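Numbering (the numbering used here), first residue to last: 34 to 293.
For every residue, glycine included, the Cβ atom is placed at its ideal position computed from N, Cα and C.
Keep in mind the model is a prediction, meaning the values are calculated, not measured.
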């Protein structure tokens with residue numbers, strides 16, 4: 034500790050004096066004395082709290098001839114507190130500055146790392162986005178191909194079902210038309226039968242009238258009756274007009290001769 038004090042206060046000259054005094058020992062001397070002293074210094078800077086304890090231990094064997102030097106040394110020791118306080122403040126400031134620089138460096142490194150992390154994350158996100166878009170496009174292309182196949186199969190199935198429906202419809206229409214034609218033929222035949230019956234009835238009536246007229250003219254008149262009947266066949270829609278035509282086709286030719 035004495036070496037520190039000497040380094041702080043510059044007591045190199047005292048060492049030389051001590052060497053000189055050792056050569057000239059005094060006859061009368063004071064017994065060895067030991068003294069201990071402790072000084073506590075506290076310094077606060079921002080959030081930094083520094084507490085220093087300075088302990089001094091002095092073991093001296095003082096000659097009467099060195100009393101003046103002892104007094105000077107004690108005076109210098111009186112300034113120890115101020116010097117140590119200044120030293121503590123200086124060191125505290127240096128430490129605070131070093132701590133601030135270290136913290137600033139850590140903050141700068143942290144900001145750099147965070148920026149790099151964000152850049153890496155953004156780059157990775159872009160890569161994932163590109164991969165996702167590529168996979169999505171491939172998946173959409175596959176889905177479109179599957180959709181096209183399914184739609185083609187559906188179209189073929191619909192065409193087959195439509196053809197089946199059309200064939201069934203044509204068959205039903207043919208059945209309906211055949212049934213209608215059969216009914217029309219039956220109606221036509223019925224109309225033809227009725228027309229023939231009417232013609233026969235008319236023919237019979239004409240014959241009766243001719244016979245009656247002949248009986249009236251037997252004495253003086255000879256009557257020849259020739260009946261020509263023409264029958265025509267028409268379609269079912271015109272059966273009524275056929276009947277009329279058949280009835281109008283009966284022609285009566287009469288030839289009369291008189292004798293005197």
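Quiz item: Straight-line CA distance for residue 245 to residue 234?
Solution: 17 Å
Quiz prompt | Burial state of residue 140 (16 or more Cβ within 10 Å) | solution = Exposed: under 16 other Cβ atoms inside 10 Å.
Quiz item: Comparing the C-beta of residue 222 with each C-beta of chain C, is any distance below 8 Å?
Solution: Structure shown: chain C not included; a single protein chain is present.
Quiz item: For residue 28, is the classification buried or exposed, using 16 other Cβ atoms within 10 angstroms of its Cβ as the cut-off for buried?
Solution: Summary: the structure shown does not reach residue 28, with the chain confined to residues 34 through 293, and so no result is reported for it.
Quiz prompt | Under the three-state DSSP convention, the category residue 250 falls into | solution = Residue state, collapsed to three classes: coil.
Quiz item: Which whole runs of the beta strand (DSSP E) in the segment 125-178 are 3 residues long or more, in chain order?
Solution: none
Quiz item: Under three-state DSSP, which class holds residue 219?
Solution: helix
Quiz prompt | Buried or exposed by the 16-neighbour rule on C-beta atoms within 10 Å, applied to residue 232 | solution = By the 10 Å Cβ count, residue 232 comes out buried.
Practice problem: Whole angstroms is fine: what's the gap from residue 158's alpha carbon to residue 123's? | Solution: Between the alpha carbons of residue 158 and residue 123 lies a distance of about 51 Å.
Quiz item: Can you list, in chain order, the residues of its chain whose CB lies under 7 Å from that of residue 199, leaving out five sequence neighbours each side?
Solution: none
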